[in-house]
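Okay, so here's the structure we're looking at.
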Amino acid sequence: MLQQTTVATVTPRFAEFISRFPTLRSLAEADEQVVLKSWEGLGYYSRARNLHRAAKILTEQFGDDIPDDPAVWADLPGVGRYILGAVLSQAFDRRLPVVEANTRRVLARLGANRTELTTPEMQKWLWQTATDMLPRQHIGDFNQAMMELGATVCTVREPDCPNCPLRASCQSFLNGLQNEIPVIAGKTVTEQVLEACAVIRWKNRVFLRQRGDTGRWAKMWEFPTREYARPADPVAVASDLTGELKMPPGETGSVLMTLRYSVTRFRIQMTCVEITLSENPADAVYDDNGRWVSLEELSAYPVRSSQRTLAEALIRPLQRELF
DNA sequence: AAAACGGGGTT
DNA sequence: AACCCAGTTTT
């Protein structure tokens, strides 16, 4: 119930649920519709279905002898790494960590780690750090305490650092960084960029060109600062950008790229322009979503943040170079 | 690595 | 209106 649901919301609902299904077997033997009915208003109904399925699996395979084997639990529907650690550490004192919203904040602050929370490397760091920190005994209490610390002291806003039991070893408190950490990513924004990318075919060669105004051939993922980078954001450099060309070379399609700035993530969907070059400039055509246009018409096509048209900036230099 | 899944509370 | 919540699964 506590997955993405506040303690305040869950508390009364949990009591009702346990009263309705006091044992694992009673839950396993209940009709799914009855279980779902008792879940009404909590949302994420797949949690209820998974819980019910998991109860049936456990009861069928182990009867009333609930296993403490992490491998068994990990295969249960709805059991991810958090539930695995939470259940087994508290029910059986198994030495497994728990990482959730509160512990993420506590650990990031403790180590003054500025890596954005949702990145894979940060997730890895968080789980590893939580694992390394585990005591020998009373694992469940420790996990619970870490979450409680995040909920009551190491809060999102205005953490009570002076009264924190970990203040002496907290790298954020020691450096006055508790309000900068953790780093949370902004919402991903998607922007259509029509003229930014071109697939150029000439004889047996295919050129991928990011922009027309840099004056040189560049790989698709090498491009200068874009005007839609917000002023507060640092300049996007090649290392900040990871991209994947989703179309076969030589065909028209779109490119999805993710720009990672310090906080906000940009997702850029570029509609690529396919251009077939001819030695006669008047013959050059491009295909924009199935529409074929001559180079004459193309010359009016603007290159964003540049006074030059696509034809002037990209195609003419290409023709000069190739012919 | 996103996006989907959801209702309720906070800013 | 936007964001967040004791996450997991599917795309």
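Numbering-wise, this note's numbering comes out as the position in the first sequence, counting from 1, plus 8. We put the beta carbon where it would ideally sit given N, CA and C, even for glycine. Remember, predicted model here, so these are calculated numbers, not experimental data.
Should residue i be labelled buried (16 or more other beta-carbon atoms within 10 Å of its own) or exposed?
i    : result
T250 : For T250, the predicted structure reports a pLDDT of 35, less than 50, and the residue's modelled location is therefore unreliable. A value from the coordinates is still provided. T250 should be labelled exposed.
N171 : exposed
P167 : buried
A338 : Look at the range of the chain in this structure, 9 to 331, and you will see that residue 338 is not part of it.
R117 : buried
A23  : exposed
D39  : exposed
G51  : exposed
N110 : buried
L182 : exposed
S180 : buried
Q378 : Residue 378 lies beyond the range of the chain shown here (9 to 331); nothing can be said about it.
I147 : buried
Q41  : exposed
Q186 : buried
Start and end of the alpha helix (DSSP H) containing residue i?
i    : result
D140 : 128 to 141
H60  : 53 to 70
A94  : 89 to 99
R33  : 32 to 36
N110 : 109 to 118
L182 : 179 to 182
P173 : Where P173 is concerned, there is no enclosing alpha helix (DSSP H), given that its DSSP letter is neither H nor E.
E40  : 40 to 47
Q152 : 147 to 160
A193 : Neither: A193 is in no alpha helix (DSSP H) and is coded neither H nor E.
F29  : Counting along the chain, F29 falls outside any alpha helix (DSSP H), and DSSP gives it neither H nor E.
P78  : 78 to 82
So residue i and residue j are in contact, right, with Cβ under 8 angstroms, and what is the actual spacing, rounded?
i    : j    : result
L125 : R112 : 6 angstroms
H60  : V80  : About 17 angstroms; that fails the 8 angstroms criterion.
T67  : L92  : No, T67 and L92 are not in contact; Cβ-Cβ is about 19 angstroms, not under 8 angstroms.
D76  : L96  : 6 angstroms
Q152 : Q69  : So it is not a contact: roughly 28 angstroms between Cβ atoms.
A36  : A63  : 4 angstroms
P107 : L134 : Before going on, a small fix: residue 107 reads as Val here, not Pro. 5 angstroms between Cβ atoms; contact.
T139 : G119 : Going by Cβ atoms, the distance from T139 to G119 rounds to 14 angstroms, so no, they are not a contact pair.
G158 : V87  : Between V87 and G158 the Cβ distance is about 22 angstroms, and since that is not below 8 angstroms, they are no contact.
P85  : N58  : 4 angstroms
S46  : F25  : 6 angstroms
Tell me whether the region 185 to 194 and the region 115 to 130 touch, counting them as touching only if at least three CB pairs, one residue from each stretch, are closer than 8 angstroms. yes
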